[in-house]
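In this note's numbering, the protein residues as written are 246 to 602.
We put the CB at the ideal spot given by N, CA and C, even for glycine.
Working notes, beginning with the structure itself.
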């Protein structure tokens with residue numbers, strides 16, 4: 246059995262150092278100033294949609310954020326289109342990755358990688374062998390991945406590298422290297438790009454740069470997909486080799502993460518402002534509302550609708566209390582109920598929505 250450990254080739258540049266410093270600075274700001282645990286779940290729901298949309302659109306899916314958000318809210322029909330199935334799988338895979346991020350006793354290794362791929366390809370043709378290394382040669386544009394016979398040893402060496410203590414290697418660099426090396430090996434018939442991005446997110450979320458699981462770097466890569474794909478191609482060349490220089494991709498990954506984290510700082514700052522303004526206005530204009538109802542109404546104003554399950558998650562109240570609170574918001578003319586009990590949705594009354602900040 247091969248026990249050789251993967252040894253990445255890269256060096257730390259001035260550009261990389263600058264990006265890492267920016268990330269460190271904003272990480273401190275988010276952790277100590279901008280994060281409000283009470284509202285994390287609200288923001289994270291949008292993050293899940295952005296992750297799924299971004300990682301599938303890079304691969305050619307057509308659904309946008311609005312469509313994926315609707316898909317995430319509804320009870321799944323028996324028949325899904327290919328794009329819908331890919332996004333449902335992505336949503337569920339990132340939910341599993343978020344869970345796995347907190348399970349430090351489960352090592353990141355080949356098993357986890359196989360499971361990530363299997364999750365992304367749930368329901369796919371058996372010919373694609375989800376979670377099983379390919380038994381044949383594949384091609385990615387002009388790049389030739391390693392021979393199928395080399396894949397098991399390469400993945401074992403990679404898995405051993407993932408399991409070992411990172412030492413002085415910055416988690417951002419580690420996530421970038423893992424992403425690039427996995428794509429270079431391309432061990433599965435399908436879902437390699439999605440698996441690579443999921444693995445990078447898992448590595449970041451298990452590090453000090455978890456950012457409370459609020460990163461959606463996948464969508465950032467989608468927005469910059471031409472540059473993203475170009476820098477990968479430039480780093481690995483036209484044929485797999487263990488001597489490729491990962492530096493260009495590590496620089497790109499860190500720079501994009503730094504930009505994404507700055508965007509997160511800006512959006513959380515704006516979120517705080519809007520929440521404070523809405524709280525103040527609602528407390529003045531609707532003095533009879535309790536704090537739970539104000540939080541629920543703010544959520545509805547931000548997202549466009551409110552479901553009983555949303556209200557329960559936001560307020561942590563009992564079913565009886567939730568029903569009473571929602572009935573009170575309807576009676577006050579602030580929300581309108583649509584649908585039967587099981588699928589009921591509450592929408593902001595038009596006159597209320599006009600006051601949105």
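Closest residue to residue i among the options (Cα-Cα distance)
| i | options | result |
| --- | --- | --- |
| residue 360 | 380, 545, 337 | 337 |
| residue 441 | 339, 469, 519, 324 | 339 |
| residue 402 | 248, 568, 582 | 248 |
| residue 281 | 514, 590, 376, 395 | 514 |
| residue 411 | 372, 525, 250 | 250 |
| residue 362 | 343, 335, 388 | 335 |
| residue 576 | 486, 342, 333, 531 | 531 |
| residue 301 | 468, 589, 544 | 468 |
| residue 477 | 533, 390, 395 | 390 |
| residue 522 | 290, 546, 400 | 546 |
| residue 270 | 507, 548, 517, 392 | 507 |
| residue 387 | 378, 457, 449, 480 | 480 |
| residue 342 | 327, 422, 448 | 448 |
| residue 485 | 457, 392, 535, 570 | 392 |
| residue 290 | 318, 557, 273, 564 | 318 |
| residue 286 | 328, 385, 458 | 458 |
| residue 461 | 292, 276, 370 | 292 |
| residue 474 | 385, 456, 512 | 385 |
| residue 422 | 379, 277, 487, 312 | 487 |
| residue 347 | 272, 373, 456 | 456 |
| residue 566 | 541, 585, 584 | 541 |
| residue 409 | 584, 252, 520 | 252 |
Chain-order list of residues whose beta-carbon lies under 6 angstroms from that of residue i (same chain, five-residue window excluded)
| i | result |
| --- | --- |
| residue 255 | 491, 492, 495 |
| residue 310 | 294, 298 |
| residue 405 | 250 |
| residue 463 | 296, 299, 300, 442 |
| residue 564 | none |
| residue 533 | none |
| residue 501 | 465 |
| residue 580 | 574, 591 |
Cβ separation of residue i and residue j, assumed to be a contact under 8 angstroms, to the nearest whole Å
| i | j | result |
| --- | --- | --- |
| residue 472 | residue 445 | No, residue 472 and residue 445 are not in contact; Cβ-Cβ is about 16 angstroms, not under 8 angstroms. |
| residue 267 | residue 503 | 4 angstroms |
| residue 454 | residue 417 | 6 angstroms |
| residue 539 | residue 527 | 5 angstroms |
| residue 438 | residue 304 | 6 angstroms |
| residue 451 | residue 349 | 7 angstroms |
| residue 562 | residue 489 | 55 angstroms between Cβ atoms; not a contact. |
| residue 381 | residue 330 | So it is not a contact: roughly 24 angstroms between Cβ atoms. |
| residue 407 | residue 353 | 5 angstroms |
| residue 333 | residue 316 | 6 angstroms |
| residue 328 | residue 314 | Residue 328 to residue 314, Cβ: 14 angstroms. No contact. |
| residue 400 | residue 355 | 6 angstroms |
| residue 279 | residue 517 | 7 angstroms |
For residue i, the residue or residues it bridges with in DSSP
| i | result |
| --- | --- |
| residue 592 | 550, 581 |
| residue 433 | Beta-bridge pairing links residue 433 to no other residue. |
| residue 630 | The structure shown does not extend to residue 630, since the chain is modelled only from 246 through 602, so no value can be given for it. |
Cut-off 7 angstroms between Cβ atoms - residues of its own chain near residue i, not counting five sequence neighbours on either side
| i | result |
| --- | --- |
| residue 265 | 415, 417, 499 |
| residue 582 | 575, 589, 591 |
| residue 470 | 303 |
| residue 578 | 594 |
| residue 261 | 495, 496, 499 |
| residue 544 | 287, 551, 555, 559 |
| residue 512 | none |
| residue 482 | 489 |
| residue 537 | 560, 562, 570 |
Chain C contact for residue i (CB, 9 angstroms cutoff)
| i | result |
| --- | --- |
| residue 427 | Among the chains of the structure shown, chain C does not appear; only one protein chain is present. |
Close-in-space but distant-in-sequence residues of the same chain around residue i (CB under 8 angstroms, 5 per side omitted)
| i | result |
| --- | --- |
| residue 383 | 390, 431, 434 |
| residue 274 | 510 |
| residue 535 | 570 |
| residue 549 | 592, 593 |
| residue 376 | 359, 360, 362, 363, 366, 433 |
| residue 427 | 358, 403, 437, 440, 441, 444 |
| residue 351 | 345, 357 |
| residue 374 | 380, 433, 434 |
| residue 272 | 453, 454, 456, 506 |
| residue 378 | 393, 396, 397, 400, 432, 433 |
Can you give, in chain order, each stretch of the alpha helix (DSSP H) that sits fully within the stretch 499–586 and has at least 4 residues?
-> 536–548, 553–560, 564–576
Alpha helix (DSSP H) runs wholly inside the stretch 304–359, at least 4 long, in chain order = 310–318, 327–346
Run through the stretch 391–477 for me and flag every whole alpha helix (DSSP H) of 4 or more residues, listed as ranges in chain order.
-> 396–408, 416–430, 437–450, 462–468
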